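Take a look at the structure below.
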Amino acid sequence: MKVPQNLNNLILQVKLGKITPQQGLNLLVEDIQTFPFLYGLQQYDEEFKSEFILKLLQAGPGFFERYREENGQFKTYIYSLIKYQIQDLLRSMKKDTIREKNVEKMSVMDYEESIDKYSKDEYNLSFVNFKPYKPVKTELPPYLRNNPLLCDQNYKKLFSEKGKERKINKLKKTALVLALKSCYYLTDENCREISKLCNISYESLDTVVQELKDSTNRKEAKFKQLQESRDKSFQLKCMFNEKLNEETNENVKEKLKKNYEYHTKHWISKNEILKQGSVLPSPTNKKLAETLGICERQVGYYLQNAEKIVNAYVNENAQE
Numbered sequence: 000m001k002v003p004q005n006l007n008n009l010i011l012q013v014k015l016g017k018i019t020p021q022q023g024l025n026l027l028v029e030d031i032q033t034f035p036f037l038y039g040l041q042q043y044d045e046e047f048k049s050e051f052i053l054k055l056l057q058a059g060p061g062f063f064e065r066y067r068e069e070n071g072q073f074k075t076y077i078y079s080l081i082k083y084q085i086q087d088l089l090r091s092m093k094k095d096t097i098r099e100k101n102v103e104k105m106s107v108m109d110y111e112e113s114i115d116k117y118s119k120d121e122y123n124l125s126f127v128n129f130k131p132y133k134p135v136k137t138e139l140p141p142y143l144r145n146n147p148l149l150c151d152q153n154y155k156k157l158f159s160e161k162g163k164e165r166k167i168n169k170l171k172k173t174a175l176v177l178a179l180k181s182c183y184y185l186t187d188e189n190c191r192e193i194s195k196l197c198n199i200s201y202e203s204l205d206t207v208v209q210e211l212k213d214s215t216n217r218k219e220a221k222f223k224q225l226q227e228s229r230d231k232s233f234q235l236k237c238m239f240n241e242k243l244n245e246e247t248n249e250n251v252k253e254k255l256k257k258n259y260e261y262h263t264k265h266w267i268s269k270n271e272i273l274k275q276g277s278v279l280p281s282p283t284n285k286k287l288a289e290t291l292g293i294c295e296r297q298v299g300y301y302l303q304n305a306e307k308i309v310n311a312y313v314n315e316n317a318q319e
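Numbering (numbering that gives the first Met the number 0), first residue to last: 0 to 319.
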């Protein structure tokens, strides 16, 4: 039957060079995993224990060098160190929980925003009465308000209603809306290309892009937090998979398997959220509408029908 490590003997072995500090750390970790109640971890679930072990391994064996014999026994030193690390991890996990809740709230907000463009239809529906929808002045052609934030004289020419020029301008407006919606990823070279395509001054476009990027700061923070959380789950998944393949004790393997499945599940779910794009650091349709001086429905139209608009233009030119 396995017995707990003699911690005072462990530091002695490291000092005498019988084992390396890393080997000493590995023995300590193994002891914590086998006898968690000796280290005050019995009240915590497997996820917390796994996080704690990972944190200890990442910190490395430097605590062996920092130990001073005149300050007390190594056993007391280790217990104090572990108690501090537990409290520190609890604080970190609490912060992560708050961040994840914020990400979930953000996802809901983005979802509500995404369906907002469908809320107005040809009719304003109610359960009892059908009332005709009357568009406001800003939703009537040519859909350009008097005070767009994109201050450029050539920009207004994109709203020409004349024949073939109208179709070309529609294509340019589509490209402009897509570019500004993706402003977080735009490079200086991208901005120059869009400026040239839409015949808009680079300075005016760059000013607007920077302002839109500033409006996505909170989204960007949540996006990066989710990425970090996803990466952390992936690291833990790999670690437990490696330990699972090396372990021979069936009881320990069962615990490792649960941890592996738990972190794999979270890694996949966080990846799915990132793929869906609900937390991407992009400006809202409302902000884009204010910037371009058009209504939100028009922004939604260009975003939803971009591929269709481009294909229609390409096919028409091919026939000519």
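Idealized CB from N, CA, C, for every residue including glycine. Please read these numbers as outputs of a predicted model, since none were measured by experiment.
Look at the alpha carbon of Y300 and the alpha carbon of L80, and state the distance between them as a whole number of angstroms. Roughly 59 angstroms between the two C-alpha positions.
Just mark V313 as buried or exposed, buried being the case when its beta carbon has 16 or more other beta carbons within 10 Å. A residue is called buried once 16 or more other Cβ atoms fall within 10 Å of its Cβ, and V313, having fewer, is exposed.
Of all the beta strand (DSSP E) runs that stay within the bounds of the segment 17-93, which reach a length of 3 or more residues? Assignment of beta strand (DSSP E) within the segment 17-93, counting only whole runs of 3 or more residues, yields no such run.
Outcome for Q297 when other beta-carbon atoms lying within 10 angstroms are tallied against a minimum of 16: Buried.
Leaving out five residues on either side along the sequence, give the residues of the same chain with a beta carbon under 7 angstroms from the beta carbon of K285. Same-chain partners within the cutoff: E295.
Same chain, Cβ closer than 8 angstroms to E46, neighbours up to 5 away in sequence not counted: If we look at E46 and ignore the five residues flanking it on each side, its Cβ neighbours are N258 and Y261.
Taking DSSP as the reference, what is the three-state secondary structure of T290? Residue state, collapsed to three classes: helix.
Measure the C-alpha to C-alpha separation of I85 and K231 and round it to an integer number of angstroms. Cα to Cα, the separation comes out at about 18 angstroms.
For T186, which of helix, strand or coil comes out of DSSP? It is coil, neither helix nor strand.
Is the beta carbon of C182 closer than 7 angstroms to that of K212? Yes.
Apply the 10 Å Cβ neighbour rule to Y184 and answer buried if 16 or more other Cβ atoms are within range, or exposed otherwise. With fewer than 16 other Cβ atoms within 10 Å, it is exposed.
Mark Y154 as exposed unless 16 or more other C-beta atoms lie within 10 angstroms of its C-beta, in which case mark it buried. Here Y154 is buried, its C-beta having at least 16 other C-beta atoms within 10 Å.
According to DSSP, is L15 part of a helix, a strand, or is it coil? In the structure shown, L15 sits in coil (DSSP, three-state: anything other than H, G, I, E or B).
What residue range does the alpha helix (DSSP H) around L225 cover? Unbroken alpha helix (DSSP H) run through L225: N216 to E245.
I need the boundaries of the alpha helix (DSSP H) containing N322, first residue and last residue. What the structure shows of the chain is the stretch from 0 to 319, and residue 322 is not part of that stretch, so it cannot be assessed.
Among Q234, T33 and F62, which residue has its Cα nearest to the Cα of H265? Taking only the C-alpha atoms, the option nearest H265 is Q234.
Are the CB atoms of L26 and F73 nearer to each other than 7 angstroms? In this structure, L26 sits away from F73, with a CB-CB distance that is not shorter than 7 angstroms.
Can you tell which of T263, I267 and K242 has its C-alpha closest to the C-alpha of L255? Taking only the C-alpha atoms, the option nearest L255 is K242.
For G61, which of A220, K14, T33 and K48 has the nearest alpha-carbon? Here the closest residue by C-alpha is K14.
Check for me: the alpha helix (DSSP H) holding L279 runs from which residue to which? Taken as a continuous stretch (DSSP letters only), L279 belongs to no alpha helix (DSSP H), as it is neither H nor E.
Since C197 and K171 are thought to touch, with beta carbons under 8 angstroms apart, how far apart are those beta carbons, to the nearest angstrom? Indeed they touch by this definition, with Cβ atoms about 5 angstroms apart.
Limits of the alpha helix (DSSP H) - the one that Q303 falls within: Residue range E295 to Q303 is occupied by the alpha helix (DSSP H) that includes Q303.
Beta-carbon separation of Q42 and P35 under 7 angstroms? The beta carbons of Q42 and P35 sit no closer together than 7 angstroms.
Using the Cα positions of V309 and I193, report the straight-line distance between them to the nearest angstrom. Each residue's alpha carbon lies about 15 angstroms from the other.
Straight-line CA distance for L37 to I31? Taking the straight line joining both Cα atoms gives about 8 angstroms.
Other residues of its chain near S214: CB distance less than 6 angstroms, five sequence neighbours each side excluded: For S214, same chain residues with a beta-carbon under 6 angstroms away, outside a window of 5 residues either side, are P282 and K286 in chain order.
When the distance is taken between beta carbons, is S228 closer than 7 angstroms to K269? For K269 and S228, yes; Cβs fall inside 7 angstroms.
For P280, is the classification buried or exposed, using 16 other Cβ atoms within 10 angstroms of its Cβ as the cut-off for buried? Burial is judged here by how many other beta carbons sit within 10 angstroms of a residue's own beta carbon; P280 has at least 16 and is buried.
Going by DSSP in three states, D115 sits in which element: helix, strand or coil? Residue placement at D115 is poorly supported in this model, since its pLDDT is 47, which falls under 50; the coordinates are not used for a value here.
DSSP-derived helix/strand/coil call for I199: In this structure, I199 counts as coil in the three-state DSSP scheme.
F63 and P20 look like a contact to me (Cβ under 8 angstroms); what is the Cβ gap, rounded to whole Å? Rounded to whole angstroms, the Cβ separation of F63 and P20 is 5 angstroms, and the two are in contact under 8 angstroms.
Could you compute how far the alpha carbon of P3 sits from the alpha carbon of R67? Approximately 23 angstroms, taken between the alpha carbons.
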